[in-house]
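Novice: Take a look at this one; I'll ask things after.
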Amino acid sequence: MSLTTVSGSGSAPLLSIQRVSRRYGPVIALDDVSLDIARGEFFALLGPSGCGKTTLMRCVAGFETPDSGELLLDGEDLAGMPPYRRPVNMMFQSYALFPHLDVFENVAFGLRRQGLNKETIAGRVRALLQLTQLDSYGSRKINELSGGQRQRVALARALAPGPRLLLLDEPLGALDRKLREETQFHLKKIQRETGTSFMIVTHDQDEALALADRVAVMRAGRIEQVASPNDIYERPASRFVAGFVGDTNFIDGVVVFDSAPYLLTDFGRIALSTCCLPDGRRATLSVRPEDIHARHDGPGISGIVEEFVFRGDNTLLRVRVGNDVILRVATWDMRFSVGESVMLQFPLDTPALFAEEI
Numbered sequence: 003m004s005l006t007t008v009s010g011s012g013s014a015p016l017l018s019i020q021r022v023s024r025r026y027g028p029v030i031a032l033d034d035v036s037l038d039i040a041r042g043e044f045f046a047l048l049g050p051s052g053c054g055k056t057t058l059m060r061c062v063a064g065f066e067t068p069d070s071g072e073l074l075l076d077g078e079d080l081a082g083m084p085p086y087r088r089p090v091n092m093m094f095q096s097y098a099l100f101p102h103l104d105v106f107e108n109v110a111f112g113l114r115r116q117g118l119n120k121e122t123i124a125g126r127v128r129a130l131l132q133l134t135q136l137d138s139y140g141s142r143k144i145n146e147l148s149g150g151q152r153q154r155v156a157l158a159r160a161l162a163p164g165p166r167l168l169l170l171d172e173p174l175g176a177l178d179r180k181l182r183e184e185t186q187f188h189l190k191k192i193q194r195e196t197g198t199s200f201m202i203v204t205h206d207q208d209e210a211l212a213l214a215d216r217v218a219v220m221r222a223g224r225i226e227q228v229a230s231p232n233d234i235y236e237r238p239a240s241r242f243v244a245g246f247v248g249d250t251n252f253i254d255g256v257v258v259f260d261s262a263p264y265l266l267t268d269f270g271r272i273a274l275s276t277c278c279l280p281d282g283r284r285a286t287l288s289v290r291p292e293d294i295h296a297r298h299d300g301p302g303i304s305g306i307v308e309e310f311v312f313r314g315d316n317t318l319l320r321v322r323v324g325n326d327v328i329l330r331v332a333t334w335d336m337r338f339s340v341g342e343s344v345m346l347q348f349p350l351d352t353p354a355l356f357a358e359e360i
């Protein structure tokens with residue numbers, strides 16, 4: 003039985019969020035938020051606690067009502083439509099499974115409410131249990147399952163009614179690290195096979211980058227950047243995005259144009275391949291630890307290894323440069339020791355450069 007969800011045609015977005023705002027008294031939870039989600043897309047809302055991502059998801063689900071703006075699903079305005087009438091389903095962080103029902107009946111619950119016949123329900127539930135690798139668990143009680151198995155039951159139940167958009171609220175938060183990684187691959191596979199659009203809310207940057215086709219980074223009720231995971235990481239649009247997504251070094255200095263642009267810092271010059279800021283402007287460079295190369299000798303900026311931590315696939319060095327600047331450097335060379343002099347080489351391509359706020 004096919005589980006692919008078909009939702010319209012053409013290139014128009016599945017979900018269009020247009021200038022949505024939501025207040026709770028003096029607190030602005032959403033501030034003029036606009037974004038589109040495509041058909042068949044795995045989309046992530048990423049940000050710290052209190053940034054508005056869960057409020058935005060609840061507005062889409064119908065559990066919150068925006069104070070202004072529009073939510074259009076396949077061009078249809080969702081305003082005034084109760085949650086149970088929206089072609090949207092939500093997988094809650096707590097899973098919200100029924101402990102008195104077995105796995106089969108948990109998955110079948112929404113289908114029975116749709117009034118489908120027994121054969122249709124049985125066929126769809128069997129297909130979903132197979133898709134989520136729970137074929138032999140249909141008669142199990144919820145309290146007989148592991149955390150990962152409960153997560154898959156919740157996912158199967160959320161997919162059962164065939165929603166056009168599936169909302170996932172921190173779905174992997176209760177899983178341990180190894181199981182979370184395995185489940186990420188499984189979630190992507192299920193999303194790909196069903197063709198359902200997924201929107202996930204998470205504060206876990208690794209989770210968002212691993213799962214999503216595109217990521218919206220939120221801060222204080224607003225969208226800071228919407229882009230692919232690679233662009234979010236490699237080309238952050240703001241200092242906040244650079245600091246929130248992944249580890250980075252922020253290096254302050256002044257833009258100088260000579261024969262080529264460079265950033266003049268307290269510990270030396272860092273060459274810039276391109277620069278759109280004017281000469282003399284104070285700016286901050288964001289450089290990922292893995293993009294700085296540590297060498298025992300050769301050209302570069304001189305530093306002293308203050309600490310190092312072995313992390314399995316690499317070693318993280320804390321290198322002091324100048325008088326009081328500490329840079330984090332990820333290296334695959336295990337031969338460095340505390341107190342050793344090193345030469346740091348910066349990437350040839352200009353990393354993210356942000357004008358200092360005045």
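Residue 340 in our numbering sits at position 338 of the sequence shown, and the numbers go up by one each step.
No residue lacks a Cβ here, since even glycine has one placed at the ideal position from N, Cα and C.
#1: For residue 146, count the other beta carbons within 10 Å of its own beta carbon; 16 or more makes it buried, fewer makes it exposed. Which is it?
#2: Looking at residue 348: is its Cβ nearer than 9 Å to the Cβ of residue 286?
#3: Find the nearest neighbour of residue 155 within the set 179, 180, 242, 189, judged by alpha-carbon distance.
#4: Could you give the distance in angstroms between the alpha-carbon of residue 246 and the alpha-carbon of residue 116?
#5: My understanding is that residue 150 touches residue 181, with C-beta atoms under 8 Å, so please give their C-beta distance in whole angstroms.
#6: Mapping DSSP to helix, strand and coil, what is residue 247?
#7: Return the Cβ separation of residue 274 and residue 291 in integer angstroms, given the expectation that the two are a contact with Cβ distance under 8 Å.
#8: Since residue 319 and residue 296 should fall inside the 8 Å C-beta cutoff, what is the C-beta to C-beta distance between them, to a whole number of angstroms?
#9: Please classify residue 350 as buried or exposed, where buried requires at least 16 other C-beta atoms within 10 Å of its C-beta.
#10: Considering only the alpha carbon of each residue, which of 321, 24, 308, 258 lies closest to residue 294?
#11: By Cβ distance, which residues of its chain are closer than 6 Å to residue 25, with the 5 residues on each side in sequence left out?
#12: So within the stretch 212-281, which uninterrupted alpha helix (DSSP H) runs reach at least 4 residues, ignoring any that extend past its ends?
#13: Between residue 269 and residue 323, what straight-line distance do the alpha-carbon atoms span, to the nearest angstrom?
#14: So residue 170 is in the alpha helix (DSSP H); what residue range does that whole segment cover?
#15: For residue 37, which residues of its own chain have a beta-carbon under 7 Å away from its beta-carbon, when the five flanking residues on both sides are left out?
#16: Which stretch, first to last residue, makes up the beta strand (DSSP E) that contains residue 93?
#17: Please give the ranges of any alpha helix (DSSP H) in the stretch 37-86, keeping only runs that are unbroken, at least 4 residues long and fully inside the region.
#18: Apart from the five residues just before and just after residue 98, which ones in its own chain have a Cβ nearer than 8 Å to its Cβ?
#19: Return the chain-ordered ranges of every beta strand (DSSP E) run that is complete within the stretch 90-150 and spans a minimum of 3 residues.
#20: Out of curiosity, what's the CA-to-CA distance linking residue 23 and residue 333?
#21: Below 8 Å, how does it come out for the stretch 130-147 and the stretch 57-72: are there three or more Cβ pairs, yes or no?
#22: For residue 188, name the three-state secondary structure that DSSP assigns.
#23: Kindly list the residues whose CB is nearer than 6 Å to the CB of residue 327, restricted to its own chain and excluding five residues on each side of it in sequence; keep chain order.
#24: Which residues in the same chain as residue 276 place their Cβ atom closer than 7 Å to its Cβ, once the five residues preceding and following it in sequence are excluded?
#25: DSSP state of residue 196, grouped into three classes?
#26: In the structure shown, what three-state DSSP assignment does residue 161 receive?
#27: Would you mind listing the beta strand (DSSP E) stretches within the stretch 304-336 that are 3+ residues and don't spill past its ends, in chain order?
#28: Near residue 55, what residues of its chain come up, given a Cβ to Cβ distance below 6 Å and the 5 sequence neighbours on each side ignored?
#29: Among 199, 208, 194, which has the Cα closest to the Cα of residue 183?
#30: Evaluate the contact criterion for the stretch 242-256 versus the stretch 76-89: three or more CB pairs, one atom per stretch, below 8 Å.
#31: Out of 282, 337, 345, which has the shortest C-alpha to C-alpha gap to residue 301?
Specialist: In short, the structure shows the following:
#1: Residue 146 should be labelled exposed.
#2: In this structure, residue 348 lies away from residue 286, with their beta-carbon atoms at least 9 Å apart.
#3: Minimum Cα distance to residue 155 is reached at 189.
#4: Their backbone Cα atoms lie some 42 Å apart in a straight line.
#5: With 8 Å as the limit, residue 150 and residue 181 qualify as a contact, their Cβ atoms being about 5 Å apart.
#6: Coil at residue 247, not helix or strand.
#7: The beta-carbon distance between residue 274 and residue 291, rounded to whole angstroms, is 19 Å. This is too long to meet the 8 Å contact definition.
#8: About 6 Å; that satisfies the 8 Å criterion.
#9: Flag for residue 350 reads exposed.
#10: Measuring from the Cα of residue 294, the nearest candidate turns out to be 321.
#11: Closer than 6 Å at Cβ, skipping near neighbours: 69.
#12: Whole alpha helix (DSSP H) segments, 4+ residues: 231-236, 241-246.
#13: About 6 Å.
#14: From DSSP, residue 170 is part of no alpha helix (DSSP H) but of the beta strand (DSSP E) over 167-171.
#15: Apart from the 5 residues on each side of it in sequence, residue 37 sits with its Cβ closer than 7 Å to the Cβ of 19, 218, 225, 228 in its chain, given in chain order.
#16: For residue 93, the enclosing beta strand (DSSP E) starts and ends at 90-93.
#17: Within the stretch 37-86, the runs of alpha helix (DSSP H) at least 4 residues long that lie entirely inside it are, in chain order, 55-63.
#18: So the qualifying residues of the chain are 156.
#19: Every beta strand (DSSP E) stretch that sits fully inside the stretch 90-150 and reaches 3 residues is listed by chain position as 90-93.
#20: Taking the straight line from one Cα to the other gives about 45 Å.
#21: They do not touch, by the three-pair rule.
#22: If DSSP states are grouped into helix, strand and coil, residue 188 belongs with the helices.
#23: Taken in chain order, the residues that qualify are 269.
#24: For residue 276, the CB contacts under 7 Å within the same chain, skipping 5 residues up- and downstream, are 352 in chain order.
#25: Under the three-state reduction of DSSP output, residue 196 falls in the helix class.
#26: In this structure, residue 161 counts as helix in the three-state DSSP scheme.
#27: Taken in chain order, the whole beta strand (DSSP E) runs of length 3 or more contained in the stretch 304-336 are 317-323, 327-333.
#28: The residues are 47, 49, 203, 220.
#29: Taking each of 199, 208, 194 in turn and checking the Cα distance to residue 183, the smallest one comes out for 208.
#30: Segments in contact, no.
#31: Proximity to residue 301 across 282, 337, 345 peaks at 345, based on C-alpha coordinates.
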